[in-house]
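S.K.:
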């Protein structure tokens with residue numbers, strides 16, 4: 005945690021000290037337009053990397069007027085946050101809305117004879133432009149496996165929300181699990197998706213193959229690492245993919261994949277799917293796995309996300 009906080013502070017310092025002249029003319033134009041309309045704005049900065057405008061405004065603020073001026077002069081921007089300095093001065097942060105959005109679906113079955121599933125899934129908003137989807141499969145089943153997978157997921161959520169570096173997040177969780185005297189292992193699938201660019205960072209740790217379904221074809225994302233908590237030195241499988249509207253990302257626990265006779269059978273089946281919404285493939289894949297397995301001998305979970313263009 006301490007290392008993660010140090011990294012966050014260092015990154016903030018680098019970002020704040022960075023000088024940029026790319027938007028100087030637009031910054032000046034915005035300040036002049038605000039001034040013409042009687043709005044005192046002594047400081048204004050455009051962060052092109054994060055598509056944000058930071059404006060320090062004095063006195064009472066007509067927020068609608070400010071938003072309209074920014075949208076007319078620059079582009080369509082919406083208020084993201086407000087930081088009050090004192091009674092007379094505040095910093096308003098405006099952000100360009102992302103061009104993509106996402107919908108989610110999940111389907112699961114609990115191992116026969118158990119009351120709870122050892123699989124834990126999560127979909128959270130990291131910030132205005134990105135979200136995190138994750139699936140954790142605790143080794144075994146029942147309450148014990150649930151505790152392990154839920155612990156890993158809660159830590160991942162907290163660290164990603166704090167925008168800690170990915171390597172620090174995973175290594176910290178791995179150490180916490182490996183230091184425990186009990187054998188606590190969990191397989192993890194993570195996707196951090198930027199809805200402005202469509203870029204997605206995938207992290208796989210001991211998990212079954214992840215799938216991207218695109219126009220009747222599939223792209224397989226395989227893991228070559230051991231589960232969390234087995235070795236102190238973690239080597240996750242990491243890759244970056246460019247997602248586009250219509251793509252469906254599928255994470256499955258091994259209860260699903262082991263129900264199929266082979267990876268080839270699973271991939272051929274997935275290619276037949278024509279998902280219109282994310283809940284449909286989640287339900288369909290679970291039903292197909294249960295039909296093949298006959299009995300639910302392991303927890304089964306399917307987590308699907310569909311990317312679409314915002315209108």
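Numbering (our numbering), first residue to last: 5 to 315.
Glycine included, every Cβ here is placed at the ideal spot set by N, Cα and C.
Just so you know, these numbers come straight off a predicted model, no measurement behind them.
Look at the alpha carbon of residue 293 and the alpha carbon of residue 303, and state the distance between them as a whole number of angstroms.
M.R.: Against the chain shown, residue 293 aligns to sequence position 289. Against the chain shown, residue 303 aligns to sequence position 299. About 11 Å.
S.K.: Go ahead and label residue 39 buried or exposed: buried means 16 or more other beta carbons lie within 10 angstroms of its beta carbon, across all protein chains shown.
M.R.: Looking up residue 39 in the chain shown gives position 35. Flag for residue 39 reads exposed.
S.K.: Please go through the same chain and pick out, in chain order, the residues whose beta-carbon is closer than 8 Å to the beta-carbon of residue 278, but skip the five residues on each side of it.
M.R.: Here residue 278 refers to the residue found at position 274 when the chain shown is read from its first residue. Result list for residue 278: 220, in chain order.
S.K.: Please work out which residues of its chain come closer than 7 Å, Cβ to Cβ, to residue 88, disregarding the five sequence neighbours upstream and downstream, and give them in chain order.
M.R.: The sequence position of residue 88 within the chain shown is 84, counting from 1. Excluding sequence neighbours, residue 88 sits near 94.
S.K.: Can you list, in chain order, the residues of its chain whose CB lies under 8 Å from that of residue 86, leaving out five sequence neighbours each side?
M.R.: On the chain shown, residue 86 is found 82 positions in, with the first residue counted as 1. Cβ within range, chain order: 94, 95, 96, 97.
S.K.: Output the residue ranges of the beta strand (DSSP E) runs that lie fully inside the segment 22-97 and measure 3 residues or longer, sorted by chain position.
M.R.: If we require 3 residues or more, the beta strand (DSSP E) runs fully inside the segment 22-97 come out as 47-51, 56-62, 82-88.
S.K.: Look at the alpha carbon of residue 14 and the alpha carbon of residue 133, and state the distance between them as a whole number of angstroms.
M.R.: Residue mapping note: residue 14 aligns to position 10 of the chain shown, counting from 1. Residue mapping note: residue 133 aligns to position 129 of the chain shown, counting from 1. Cα to Cα, the separation comes out at about 22 Å.
S.K.: Relative to the C-alpha of residue 125, which candidate in 267, 305, 284 has its C-alpha closest?
M.R.: One-based indexing of the chain shown puts residue 125 at position 121. Checked all of 267, 305, 284; the closest Cα to residue 125 is 305.
S.K.: Contact between the segment 103-112 and the segment 280-294 is defined here as three or more beta-carbon pairs at a separation below 8 Å; is this criterion met?
M.R.: Counting Cβ pairs under 8 Å, three or more are found: they touch.
S.K.: Kindly indicate which three-state DSSP category residue 208 falls into: helix, strand or coil?
M.R.: The sequence position of residue 208 within the chain shown is 204, counting from 1. Of the three classes helix, strand and coil, the one that applies to residue 208 here is strand, per DSSP.
S.K.: Give me, in chain order, the residues of the same chain whose beta-carbon lies closer than 7 Å to that of residue 44; leave out the 5 immediate sequence neighbours on both sides.
M.R.: Translated into positions along the chain shown, residue 44 becomes position 40. If we look at residue 44 and ignore the five residues flanking it on each side, its Cβ neighbours are 61, 62, 63.
S.K.: Is it true that the CB of residue 274 sits closer than 8 Å to the CB of residue 222?
M.R.: For the purposes of this step, residue 222 is taken as residue 218 along the chain shown, with counting starting at 1. For the purposes of this step, residue 274 is taken as residue 270 along the chain shown, with counting starting at 1. Cβ atoms of residue 222 and residue 274: closer than 8 Å.
S.K.: Output needed for residue 142: all residues of its chain with C-beta closer than 6 Å, excluding positions within five of it in sequence on either side, in chain order.
M.R.: On the chain shown, residue 142 is found 138 positions in, with the first residue counted as 1. 122, 149, 152, 153, 190.
S.K.: With 16 other CB atoms within 10 Å as the buried threshold, where does residue 6 fall?
M.R.: For the purposes of this step, residue 6 is taken as the residue at position 2 of the chain shown. Classification for residue 6: exposed.
S.K.: Which value, in whole angstroms, describes the spacing of the CA atoms of residue 197 and residue 203?
M.R.: Here residue 197 refers to the residue found at position 193 when the chain shown is read from its first residue. Here residue 203 refers to the residue found at position 199 when the chain shown is read from its first residue. Near 6 Å, if we compare the C-alpha coordinates of residue 203 and residue 197.
S.K.: State the Cα-Cα distance for the pair residue 127 and residue 76, rounded to the nearest angstrom.
M.R.: Walking along the chain shown from the start, residue 127 turns up at place 123. Walking along the chain shown from the start, residue 76 turns up at place 72. C-alpha separation (whole angstroms): 34 Å.
S.K.: From the DSSP output, read off the bridge partner residues of residue 308.
M.R.: Numbered from 1 along the chain shown, position 304 holds the residue referred to as residue 308. Per DSSP, 109, 254.
S.K.: In chain order, what residues of the same chain have a beta carbon less than 8 Å from the beta carbon of residue 91, not counting five sequence neighbours either side?
M.R.: Taking the first residue of the chain shown as 1, we reach residue 91 at position 87. Excluding sequence neighbours, residue 91 sits near nothing in its chain.
S.K.: Taking DSSP's pairing of strands, which residues face residue 192 in a bridge?
M.R.: The residue given as residue 192 occupies position 188 in the chain shown. Answer is 140, 209, bridged to residue 192.
S.K.: Where residue 139 and residue 210 are concerned, what is the direct C-alpha to C-alpha distance, given to the nearest angstrom?
M.R.: On the chain shown, position 135 is the one that residue 139 refers to. On the chain shown, position 206 is the one that residue 210 refers to. In a straight line, the C-alpha of residue 139 is about 12 Å away from that of residue 210.
S.K.: Quick one: give me the first and last residue of the alpha helix (DSSP H) that residue 294 is part of.
M.R.: Locating residue 294 in the chain shown gives position 290, counting from the first residue. Taken as a continuous stretch (DSSP letters only), the alpha helix (DSSP H) holding residue 294 covers 283-297.
S.K.: Just verifying my parser: in three-state terms, what is the DSSP assignment at residue 265?
M.R.: Position 261 of the chain shown, counted from the start, is the residue given in the question as residue 265. Looking at residue 265 - three-state DSSP - the assignment turns out to be coil, as it is neither helix nor strand.
S.K.: From which residue to which residue does the beta strand (DSSP E) around residue 125 run?
M.R.: Counting from one through the chain shown, the residue named residue 125 turns up at place 121. Looking at the DSSP string, the run of the beta strand (DSSP E) that includes residue 125 is 123-131.
S.K.: How close, in whole Å, do the beta carbons of residue 50 and residue 74 come, if the pair is a contact with beta carbons under 8 Å?
M.R.: In the chain shown, residue 50 corresponds to position 46, counting from 1. In the chain shown, residue 74 corresponds to position 70, counting from 1. Not really, about 10 Å apart at Cβ, beyond 8 Å.
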